[in-house]
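**Q**
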């Protein structure tokens, strides 16, 4: 039985430019997975951006120093495919009956196609949205799973006028994404417009009932002497039978390290 | 400080929203901004056990009891903030993001945010052209007492006031904007440091987006009213 809870997938990722990979996502996650960081595959920084991975592999100069940013090809000149990248990893997950597994992306910029063990899912557009997929039924019985994600840049990366300016040609404003990436009076443009799996990736294992997005609100009366904590949770029963549950709320003040007063 | 349990039954294949009975606290330690008192945080754990299976899922969060209010002062036109009924003189800093390649680490957030607290700031303003900041950012703002003013992704320059004037109606897909806004609110709403959601930087979002944000972000009436003294009344 796998342990209930969340596990981050933040190591062992590989990346490759999409234009250098002939295989499909189905082939990458079934018959032809990459064997390791040998060209065109490279070690990837996840969470992170395409440029972060290219920098990690010394394929671009560090834009933080001097005029190095001028030496990096801007997406306006290279086209979106140049910064459209595959990210690949494997993970083990051995479940038992009545357990369920979700694959979670806390943020991707800007859209993606996901392949897991040969199954395809679309991760819709938007830099500031989470994606959570129930992968219980597509996990490998032997526990070894192959995951590939093809990440596309924002739809409107825009181009930077010779005189620069705040937000470049403002095209990025057509998307729901960070706008500073076209450059501002305090910032040079970011060449890949921050394309990538830029926030946490995790798998979460639960039993038949899952807790989603609890909401905590406090209300105060009598000069902050009488205080209430209101908690609302979303509960999902993913089994095929009625679930009789006990819901527990516990509030503790963490005195030191792991000593709690209940 | 507090443990309470409730029984409930969930039909197969169902998603339901459940509000627990309010948990009562007498004079809890309040959360205060930097320079006004301690940033007391409680560890809240919500767990669900299923008969015949055992613990099915659990969630935890460091929660701060605090009441943040802000109004526009009619005399000055400025926004006045109060925390736990006490007026706060805002010493705020502009925040874009940690790193241009989004190499966002807890250690970096802790260092950056503690630096601002050590400089005696008590607010971080997350600029609309940057990010909806991440839970780790808010976690350290909770710990170091920095209130957060979080803007959505609208800027004057890119949305109708730039040179050349562009995107006067904001992003192309308003539904996508609202989907991202709602999901971001759910991701961040439990943090004690979150003080204000702001439509955008130097620009009001397009009318439909602005109206939807205002509607979705108002405080639920339940939390405005006096709680009845007895649980019977409440139920």
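Protein chains in written order, with our numbering: chain A, 153 to 414; chain B, 716 to 950. Glycine included, each C-beta is placed from N, C-alpha and C at the ideal position.
Quick one: any contact between the segment 778-792 of chain B and the segment 881-899 of chain B, if contact means 3 or more CB pairs under 8 angstroms?
**A** In short, these stretches do not touch, since the Cβ pair count stays below three.
**Q** I'd like the list of long-range same chain contacts for residue 212/A, defined as Cβ closer than 6 angstroms, with 5 residues on each side in sequence excluded.
**A** Along the first chain, one-based indexing puts residue 212/A at 60. So the qualifying residues of the chain are 206, 224.
**Q** Thinking just about the alpha-carbon of each residue, which of 283/A, 279/A, 260/A, 275/A is nearest to the one in residue 254/A?
**A** Taking the first residue of the first chain as position 1, residue 254/A is located at position 102. For residue 254/A, the nearest C-alpha among the options comes from 283/A.
**Q** Among residues of its own chain, excluding the 5 on either side of residue 860/B, which ones have a beta-carbon nearer than 6 angstroms to its beta-carbon?
**A** For the purposes of this step, residue 860/B is taken as residue 145 along the second chain, with counting starting at 1. Answer for residue 860/B: 748, 749, 754, listed in chain order.
**Q** What would DSSP say about residue 239/A, mapped onto helix, strand or coil?
**A** Translated into positions along the first chain, residue 239/A becomes position 87. Note: residue 239/A maps to strand in three-state DSSP.
**Q** On the DSSP letters alone, give me the boundaries of the alpha helix (DSSP H) that residue 205/A sits inside.
**A** Translated into the one-based positions of the first chain, residue 205/A becomes position 53. Where residue 205/A is concerned, the enclosing alpha helix (DSSP H) stretches over 202-208.
**Q** Indicate whether at least one CB of chain B lies closer than 8 angstroms to the CB of residue 369/A.
**A** Numbered from 1 along the first chain, position 217 holds the residue referred to as residue 369/A. With 8 angstroms as the cut-off, residue 369/A counts as an interface residue toward chain B.
**Q** Compute the beta-carbon to beta-carbon distance between residue 862/B and residue 908/B, rounded to the nearest angstrom, for a pair I have assumed lies under 8 angstroms.
**A** By one-based count along the second chain, residue 862/B stands at place 147. By one-based count along the second chain, residue 908/B stands at place 193. Correct: roughly 6 angstroms between the Cβ atoms.
**Q** Measuring alpha carbon to alpha carbon, tell me which of 931/B, 881/B, 910/B, 917/B ends up nearest residue 895/B.
**A** Walking along the second chain from the start, residue 895/B turns up at place 180. Closest by alpha carbon: 931/B.
**Q** Of all the CB atoms in chain B, is at least one closer than 8 angstroms to the CB of residue 169/A?
**A** Position 17 of the first chain, counted from the start, is the residue given in the question as residue 169/A. Closer than 8 angstroms: no.
**Q** Going by CA-CA distance only, name the one from 276/A, 354/A, 286/A, 398/A that's closest to residue 891/B.
**A** Within the second chain, residue 891/B is the residue found at index 176, counting from 1. It is 276/A.
**Q** Just reading off the beta strand (DSSP E) that residue 801/B is part of, what are its end residues?
**A** Taking the second chain and counting its residues from 1, the one referred to as residue 801/B is at position 86. Element bounds for residue 801/B: 801-803.
**Q** Is the separation between the beta-carbon of residue 356/A and that of residue 158/A shorter than 8 angstroms?
**A** For this step, residue 356/A is matched to residue 204 along the first chain. For this step, residue 158/A is matched to residue 6 along the first chain. For residue 356/A and residue 158/A, yes; Cβs fall inside 8 angstroms.
**Q** Is it buried or exposed, residue 866/B, if we count other Cβ atoms within 10 angstroms and call 16 or more buried?
**A** Here residue 866/B refers to the residue found at position 151 of the second chain. So residue 866/B counts as buried.
**Q** Would the segment 867-877 of chain B count as touching the segment 323-343 of chain A if we require 3 or more Cβ pairs under 8 angstroms?
**A** Segments in contact, yes.
**Q** Is there a Cβ of chain B sitting closer than 8 angstroms to that of residue 172/A, yes or no?
**A** Locating residue 172/A in the first chain gives position 20, counting from the first residue. False, the Cβ-Cβ gap to chain B never drops below 8 angstroms.
**Q** Distance check for residue 201/A and residue 402/A, CA to CA, integer angstroms please.
**A** As a position in the first chain, residue 402/A is number 250, starting the count at 1. As a position in the first chain, residue 201/A is number 49, starting the count at 1. C-alpha separation (whole angstroms): 38 angstroms.
**Q** Determine which residues share a DSSP beta bridge with residue 312/A and list them.
**A** Here residue 312/A corresponds to residue number 160 of the first chain, with the count starting at 1. DSSP lists no partner for residue 312/A.
**Q** Using beta carbons (cut-off 8 angstroms, strictly below), is residue 804/B in contact with chain A?
**A** Within the second chain, the letter at position 89 stands for residue 804/B. So, not an interface residue.
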